[in-house]
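Student: To start, I am sharing the structure in question, which I have written as structure tokens.
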Amino acid sequence: MKIVAADTGGALLTEDYEPVGLIATAAVLVERPYRTAALSVARYADPFNYDMSGRQAVRDEAFLAVELAREVKPDVIHLDSTIGGIEVRKLDEPTIDALTITDRGKEVWKDLAKDLQPLAKKFWEETGIEIVAIGKSSVPVRIAEIYAGIYTAKWAIDYAKEHGKAIVGLPRYMKVEIRPGKIYGESLDPREGGLFGEIEAETGGIGWELYPNPLVRRFMVLEVWRE
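For the sequence shown, full-length UniProt numbering begins at 1 and goes up steadily by one.
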């Protein structure tokens, strides 16, 4: 089974470890044995001007996932939104009202559905591929989350080379290693079966340190500076 999944993760942090805004949306193609991505793409947001309500992340994920899916033709698309695995093309207002989520979540999805339901319906009519809001229970979504963290590290390197330094927060339960010409990331959760990812990157001329976020358990901080 071929699955395209997308997730947004990684945040620019202040010196006091407060989040400024999210950084990277990653879409991945995942195939058996479902431990890493066969292919990945990313899109970067402006963390200094980011909508933290969740709308921007889900919208970016859906459009990037469809873009990748048109290229690789998966069996299904998984989005990082936990609303019971429902098909996004079916998310009309009565269906959203019936969801067992918060009233705030329903309002967010009513807003999102204006863009995403027509996108999902048109894509399904053209390809037969469903876009499913399955959330964190999906292993491919978790792999996309790990890749979002890896691409966040790449953004931090580029930012540090230009501005001198960057402090970013990685997605939950993961670490990264900056290697010559590559960035490697993996899950820190032993129950996940060794999920990992790697991308090529220009990693010369920087120093880096990875350590736990002192304010938020389960999250690591990556600090990068220009040498």
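In this text, a Cβ means the ideal position worked out from N, Cα and C, and glycines have one as well. Computed from a prediction, not measured in an experiment: that's the story for all the values here.
From what residue to what residue does the alpha helix (DSSP H) around residue 114 run?
Tutor: Locating residue 114 in the sequence shown gives position 114, counting from the first residue. Segment 103-127, the alpha helix (DSSP H) holding residue 114.
Student: Compare the C-alpha of residue 177 against each of 210, 163 and 94 and name the closest.
Tutor: Counted from its first residue, the sequence shown places residue 177 at position 177. Residue 177 has its Cα closest to that of 210, out of 210, 163 and 94.
Student: Between the Cα of residue 143 and those of 157, 17, 39 and 153, spot the shortest distance and give me the residue it belongs to.
Tutor: For the purposes of this step, residue 143 is identified with residue 143 of the sequence shown, where counting begins at 1. Residue 143 has its Cα closest to that of 39, out of 157, 17, 39 and 153.
Student: Check for me: the alpha helix (DSSP H) holding residue 43 runs from which residue to which?
Tutor: Your numbering for residue 43 matches position 43 in the sequence shown. That residue, residue 43, is in no alpha helix (DSSP H); its beta strand (DSSP E) goes 39-44.
Student: Check for me: the beta strand (DSSP E) holding residue 197 runs from which residue to which?
Tutor: If you number the sequence shown from 1, residue 197 lands on position 197. Residue 197 -> beta strand (DSSP E) spans 196-200.
Student: Classify residue 154: buried if its beta carbon has 16 or more other beta carbons within 10 angstroms, exposed otherwise.
Tutor: Here residue 154 is taken as the residue at index 154 of the sequence shown, counted from 1. So residue 154 counts as buried.
Student: Let's test the definition: count the other Cβ atoms within 10 Å of the Cβ of residue 53 and tell me whether it reaches 16, buried, or not, exposed.
Tutor: Translated into the one-based positions of the sequence shown, residue 53 becomes position 53. Burial call: exposed.
Student: Excluding the five sequence neighbours on either side, which residues of its own chain have a C-beta within less than 7 Å of the C-beta of residue 23, listed in chain order?
Tutor: Working through the sequence shown from its first residue, we reach residue 23 at position 23. Counting only Cβ-Cβ distances below 7 Å, and skipping sequence neighbours, we find 10, 11, 12, 44, 45, 47, 152, 155 and 168.
Student: Can we say the stretch 79-92 touches the stretch 120-138, given the rule of at least three CB pairs closer than 8 Å?
Tutor: In short, these stretches touch, since the Cβ pair count reaches three.
Student: Could you name the residues of the same chain whose beta carbon sits closer than 7 Å to that of residue 7, not counting the 5 residues immediately before and after it, in chain order?
Tutor: Walking along the sequence shown from the start, residue 7 turns up at place 7. Closer than 7 Å at Cβ, skipping near neighbours: 26, 61, 80, 141, 144, 145 and 148.
Student: With a threshold of 8 Å, establish whether the CB of residue 69 neighbours any heavy atom of the ligand MG.
Tutor: For the ligand MG, the structure offers nothing, since it holds no ligand at all.
Student: Please report the straight-line C-alpha distance between residue 123 and residue 36, rounded to a whole angstrom.
Tutor: Residue mapping note: residue 123 aligns to position 123 of the sequence shown, counting from 1. Residue mapping note: residue 36 aligns to position 36 of the sequence shown, counting from 1. Each residue's alpha carbon lies about 25 Å from the other.
Student: How many Å lie between residue 200 and residue 157 at the Cα?
Tutor: Taking the first residue of the sequence shown as position 1, residue 200 is located at position 200. Taking the first residue of the sequence shown as position 1, residue 157 is located at position 157. The straight-line gap from Cα to Cα measures roughly 12 Å.
Student: Quick check on the burial criterion: 16 or more other C-beta atoms within 10 angstroms. Buried or exposed for residue 218?
Tutor: Here residue 218 refers to the residue found at position 218 of the sequence shown. Exposed.
Student: What do you reckon, are the CB atoms on residue 3 and residue 66 nearer than 9 Å?
Tutor: Mapped onto the sequence shown, residue 3 falls at position 3. Mapped onto the sequence shown, residue 66 falls at position 66. No. Outside cutoff.
Student: Spatial neighbours of residue 49 within its chain, please: CB distance less than 8 Å, with the 5 preceding and 5 following residues excluded, ordered by chain position.
Tutor: Along the sequence shown, read from residue 1 onward, the residue named residue 49 stands at position 49. The answer, listed in chain order, is 21.
Student: Need the endpoints of the alpha helix (DSSP H) that residue 97 sits in, please.
Tutor: Counting from one through the sequence shown, the residue named residue 97 turns up at place 97. 93-97 is the extent of the alpha helix (DSSP H) around residue 97.
Student: Rounded to the nearest angstrom, what separates residue 228 and residue 180 at their Cα positions?
Tutor: Missing from the structure shown is residue 228; the chain here goes from 1 to 227 and no further.
Student: Are the CB atoms of residue 184 and residue 198 nearer to each other than 9 Å?
Tutor: Stepping through the sequence shown from its first residue, residue 184 is reached at position 184. Stepping through the sequence shown from its first residue, residue 198 is reached at position 198. In this structure, residue 198 lies closer than 9 Å to residue 184 by Cβ.
Student: Please report the Cβ distance between residue 221 and residue 17, rounded to the nearest whole angstrom; I am assuming they are in contact, meaning their Cβ atoms lie under 8 Å.
Tutor: Within the sequence shown, the letter at position 221 stands for residue 221. Within the sequence shown, the letter at position 17 stands for residue 17. Between residue 17 and residue 221 the Cβ distance is about 7 Å, and since that is below 8 Å, they are a contact.
Student: Go through its chain and collect everything with a Cβ distance to residue 92's Cβ below 8 Å, but skip five positions before and after it.
Tutor: By one-based count along the sequence shown, residue 92 stands at place 92. These residues qualify, in order along the chain: 113 and 117.
Student: Please work out which residues of its chain come closer than 7 Å, Cβ to Cβ, to residue 76, disregarding the five sequence neighbours upstream and downstream, and give them in chain order.
Tutor: By one-based count along the sequence shown, residue 76 stands at place 76. Same-chain partners within the cutoff: 3, 129, 130 and 132.
Student: Tell me the rounded alpha-carbon separation between residue 97 and residue 206.
Tutor: To locate residue 97, count along the sequence shown from 1; it is residue 97. To locate residue 206, count along the sequence shown from 1; it is residue 206. Taking the straight line joining both Cα atoms gives about 50 Å.
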